[in-house]
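Chemist:
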Amino acid sequence: MAQPPKEPRRTAIILSGGGARGAYEVGVLSYVFDEFTRLRGSPPPVDIICGTSVGAINGCFLAAHLMDPVLGMRRLVELWSELQLSRVLGFGVRQIMGIPRLALGGLGGDGTGLFDVRPMAELVQREISWRSVARNLRRRRLRALCVSTTEISTGRTVVFMQTSPDSVIPAHAPPRTLFRADHIGPQHALASAAIPLLFPPVRIDGELYLDGGLRQNTPIAPALRLGATHIFAIGGSREVRGLNRSEEGEKLQKMPGAAFLMGKILNAFLLDHVDVDLELLTRLNNVIVDGTRSYGEGFIDSISQQAQTRGAPAYRWVNCFAIRPSEDIGRLASLHVRKGRFKGDPYVTKKVLTLLDLGVGTEADLASYLMFDGQFCRQLIDMGRADARARRHEMMAFFEDNNGDRSPPIDNEESGTWNVPSEFPIGT
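One gets this note's numbering by counting positions in the sequence shown from 1 and adding 17 to each.
1. One question on the structure: do Leu102 and Met388 come within less than 8 angstroms of each other, judged by their Cβ atoms?
2. Can you give the Cα-Cα distance for Leu162 and Arg358, rounded to whole angstroms?
3. Is Ser319 near Arg38, with beta carbons less than 8 angstroms apart?
4. Quick one: what does DSSP say Gln101 is sitting in, helix, strand or coil?
5. Leaving aside the five residues before and after Ser343 along the sequence, list all residues of the same chain whose C-beta is less than 6 angstroms from its C-beta, in chain order.
6. With DSSP collapsed to three states, give me the class of Glu344.
7. Hey, quick one: how far does the beta strand (DSSP E) through Ala161 stretch, first residue to last?
8. What do you get for Ser33, buried or exposed, if any count of 16 or more other CB atoms within 10 angstroms of its CB means buried?
9. For a test of the three-state rule: what should DSSP assign to Tyr386, helix, strand or coil?
10. In or out: Glu168 buried (at least 16 other Cβ within 10 Å) or exposed?
11. If you draw a straight line from the C-alpha of Gln392 to the C-alpha of Leu100, how long is it?
12. How many Å lie between Pro218 and Gly172 at the Cα?
13. Quick test of the definition: if touching needs 3 or more C-beta pairs under 8 angstroms, does the region 52–61 touch the region 146–165?
14. Considering only DSSP beta bridges, list what Ile30 is partnered with.
15. Find out if the Cβ-Cβ distance for the pair Ser209, Asp228 is shorter than 8 angstroms.
16. Any heavy atom of the ligand FMN closer than 7 angstroms to the beta-carbon of Arg157?
17. Exposed or buried, what is Leu215 when buried is set at 16 or more other beta-carbons lying within 10 Å of its beta-carbon?
18. How would you write the range of the alpha helix (DSSP H) that Glu417 sits in, first residue to last?
19. Among residues of its own chain, excluding the 5 on either side of Tyr226, which ones have a beta-carbon nearer than 8 angstroms to its beta-carbon?
20. According to the neighbour-count rule (16 or more other Cβ atoms, all chains shown, within 10 Å of its Cβ), is Val185 buried or exposed?
21. So, with DSSP's three-state summary, where would you put Thr180?
22. Can you tell me whether Glu314 is helix, strand or coil according to DSSP?
23. Buried or exposed: which applies to Gln396, given that a residue is buried once 16 or more other Cβ atoms fall within 10 Å of its Cβ?
24. Using the rule of at least 16 other Cβ atoms within 10 Å of the residue's Cβ for burial, across every protein chain shown, is Leu352 buried or exposed?
25. Which residues mark the beginning and the end of the beta strand (DSSP E) in which Ile221 is found?
26. Give the DSSP-derived three-state secondary structure of Val185 in the structure shown.
27. Which value, in whole angstroms, describes the spacing of the CA atoms of Ala324 and Thr309?
28. Since Ala206 and Cys77 are thought to touch, with beta carbons under 8 angstroms apart, how far apart are those beta carbons, to the nearest angstrom?
29. Between which two residues does the beta strand (DSSP E) harbouring Glu24 extend?
30. Would Phe53 and Val87 qualify as a contact pair, given that the criterion is a beta-carbon distance under 8 angstroms?
31. Should Ala250 be labelled buried (16 or more other beta-carbon atoms within 10 Å of its own) or exposed?
32. Return helix, strand or coil for Arg197, following the three-state DSSP convention.
33. Between Asp199, Arg160, Ile317, Leu301, which lies nearest to Ala240 when the distance is taken from Cα to Cα?
34. Applying the 10 Å Cβ sphere with the 16-neighbour rule, what's the burial state of Ile31?
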């Protein structure tokens, strides 16, 4: 059987959410566009950037610096390393007094979040050149920039997309998802990063939006619909594989408080989608691999014809490389809170974060989302660099791969990558 023509390679970088945990993905990006770029001889290709929550902010920053991503990522590392909590999230007596209201499940009638995000908004407005984002898309240095949000009135995921002149918004979206063309600016990035209750929602064209990670924390689906052939995804949580308690955590000695439980809820909303996405990707990949082994190379063409008959996109092999933290960020946050080594005013910062931690066990998940502190962020940046460096050989193979045909790589089970069908509605 004649092989179908190869598709042009299109690489998508997928950046997930997690508040201050976004420093980890900055570390990975720093390695990719600095040390790894030197090893490779040139920056790796980037055609599509999809971000959710803090990943949207990092993604927009990268999109603005594609003319010189090495210098851009060095600046991003510098920004995260110099963060002070009081300069990112405005808080004082009013915010401290608001913590009990958060624990009781309400923030009064003002309709805002616990924290004042005006300092963060000013940072996003000042440090990201939104004109450069538009220029890089217009000059085709980037095919598409996607920012995922959650529309409050409907609960659906709205993915704002800005594309290059030769790209179009996909006609098909996953269930309860809307692809919307727009000129992406600071309001989109801030809306995507608006963690419920903690940060206020953001109004765009009359509608209120919250954190896109509530339903689509790993925004792979938009990239696939845009024709991505290679997916480079950075997660915000450590993979856990049924370890026993002595390895994975201590038994709680007292009933957890609201802040501890809210940290776990945020993990479920904003981080645990990664586990589900990758498990489903692997399962569907195995179906196609097994189908090809059983029925031959025409298997994928046959099922693609069936998909197109019902108006769905054809199946297409996509090489997906996922990298995740090697250590538990919640535990690192707890240790950092106890040490109390913060930039800026350490007394106020430690007081607030200690209240959020409540001293339960060895984890401070909620604090890990809010600890926009340069010292803590630097730890995560260093971990991201180290994790990426440890997988540099796999990464080199991923970025050098240019197999654009649709035949499944039958023997890739130990490669650390996945080939996934483009029709799968990931993140929904």
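Cβ coordinates follow ideal geometry from the N, Cα and C atoms, glycine included.
Modeler: On the basis of the data shown:
1. Translated into the one-based positions of the sequence shown, residue 102 becomes position 85. Translated into the one-based positions of the sequence shown, residue 388 becomes position 371. Here Leu102 is near Met388, since their CB atoms are less than 8 angstroms apart.
2. Within the sequence shown, numbered from 1, the residue matching residue 162 stands at position 145. Within the sequence shown, numbered from 1, the residue matching residue 358 stands at position 341. Looking at the two C-alpha atoms, the distance is approximately 37 angstroms.
3. In the sequence shown, residue 319 corresponds to position 302, counting from 1. In the sequence shown, residue 38 corresponds to position 21, counting from 1. Contact flag unset, no.
4. As a first step, residue 101 is located in the sequence shown; it is residue number 84 there, counting from the start. Coil.
5. As a first step, residue 343 is located in the sequence shown; it is residue number 326 there, counting from the start. Close CB contacts of Ser343 within its chain, under the 6 angstroms cut and outside five residues either way in sequence, are with Asp404 (chain order).
6. Residue mapping note: residue 344 aligns to position 327 of the sequence shown, counting from 1. Correct three-state label for Glu344: coil.
7. Along the sequence shown, one-based indexing puts residue 161 at 144. Counting along the chain, the unbroken beta strand (DSSP E) around Ala161 starts and ends at 161–168.
8. Working through the sequence shown from its first residue, we reach residue 33 at position 16. Ser33 should be labelled buried.
9. Within the sequence shown, residue 386 is the residue found at index 369, counting from 1. Residue state, collapsed to three classes: helix.
10. On the sequence shown, position 151 is the one that residue 168 refers to. Under this definition Glu168 is a buried residue.
11. Taking the first residue of the sequence shown as 1, we reach residue 392 at position 375. Taking the first residue of the sequence shown as 1, we reach residue 100 at position 83. Distance between the alpha carbons of Gln392 and Leu100 is about 8 angstroms.
12. The sequence position of residue 218 within the sequence shown is 201, counting from 1. The sequence position of residue 172 within the sequence shown is 155, counting from 1. A straight-line Cα-Cα distance of about 13 angstroms links Pro218 and Gly172.
13. Short answer: they don't touch.
14. Sequence index remark: in the sequence shown, residue 30 carries index 13 (1-based). DSSP lists Ile66, Phe249 as partners of Ile30.
15. Taking the sequence shown and counting its residues from 1, one reaches residue 209 at position 192. Taking the sequence shown and counting its residues from 1, one reaches residue 228 at position 211. The answer is yes: Cβ separation under 8 angstroms.
16. The model on display carries no ligand, and the ligand FMN is accordingly not part of it.
17. Translated into the one-based positions of the sequence shown, residue 215 becomes position 198. Here Leu215 is buried, its C-beta having at least 16 other C-beta atoms within 10 Å.
18. As a position in the sequence shown, residue 417 is number 400, starting the count at 1. Per DSSP, Glu417 belongs to the alpha helix (DSSP H) from 409–417.
19. In the sequence shown, residue 226 corresponds to position 209, counting from 1. Hits under 8 angstroms: Thr166, Thr167, Glu168, Ile169, Val175, Ala208, Ser209, Ala211, Pro218, Val219, Arg220.
20. Counted from its first residue, the sequence shown places residue 185 at position 168. So Val185 counts as exposed.
21. The sequence position of residue 180 within the sequence shown is 163, counting from 1. DSSP, reduced to helix, strand and coil, places Thr180 within a strand of the structure shown.
22. For the purposes of this step, residue 314 is identified with residue 297 of the sequence shown, where counting begins at 1. In the displayed model, Glu314 falls within coil according to three-state DSSP, outside both helix and strand.
23. Here residue 396 corresponds to residue number 379 of the sequence shown, with the count starting at 1. The residue in question, Gln396, is buried, as its Cβ has 16 or more Cβ neighbours within 10 Å.
24. Counted from its first residue, the sequence shown places residue 352 at position 335. Counting every other CB atom within 10 Å of its CB across the protein chains shown gives Leu352 a total below 16, marking it as exposed.
25. Start at 1 with the first residue of the sequence shown, and residue 221 comes out as number 204. Membership of Ile221 in the beta strand (DSSP E) is indicated by the continuous run 219–221.
26. Taking the sequence shown and counting its residues from 1, one reaches residue 185 at position 168. Of the three classes helix, strand and coil, the one that applies to Val185 here is coil, per DSSP.
27. For the purposes of this step, residue 324 is identified with residue 307 of the sequence shown, where counting begins at 1. For the purposes of this step, residue 309 is identified with residue 292 of the sequence shown, where counting begins at 1. Rounded to whole angstroms, Ala324 to Thr309 spans 17 angstroms at the Cα level.
28. Position 189 of the sequence shown, counting from 1, holds the residue named residue 206. Position 60 of the sequence shown, counting from 1, holds the residue named residue 77. Between Ala206 and Cys77 a beta carbon distance of about 5 angstroms is seen, short of the 8 angstroms cut, so the two are scored as contacting.
29. Counting from 1 along the sequence shown, the entry for residue 24 is found at position 7. Glu24 -> no beta strand (DSSP E), and no H or E assigned at all.
30. Here residue 53 refers to the residue found at position 36 of the sequence shown. Here residue 87 refers to the residue found at position 70 of the sequence shown. Cβ atoms of Phe53 and Val87: not closer than 8 angstroms.
31. What you label residue 250 is simply residue 233 of the sequence shown in a count that begins at 1. Under the 10 Å beta carbon count, Ala250 is surrounded by 16 or more other beta carbons and is classified as buried.
32. In the sequence shown, the residue the question calls residue 197 occupies position 180. Three-state result, Arg197: strand.
33. By 1-based counting over the sequence shown, the position of residue 240 is 223. Closest by alpha carbon: Arg160.
34. As a working mapping, residue 31 is identified with position 14 in the sequence shown. By the neighbour-count criterion, in which 16 or more other beta carbons inside 10 Å mark a residue as buried, Ile31 falls on the buried side.
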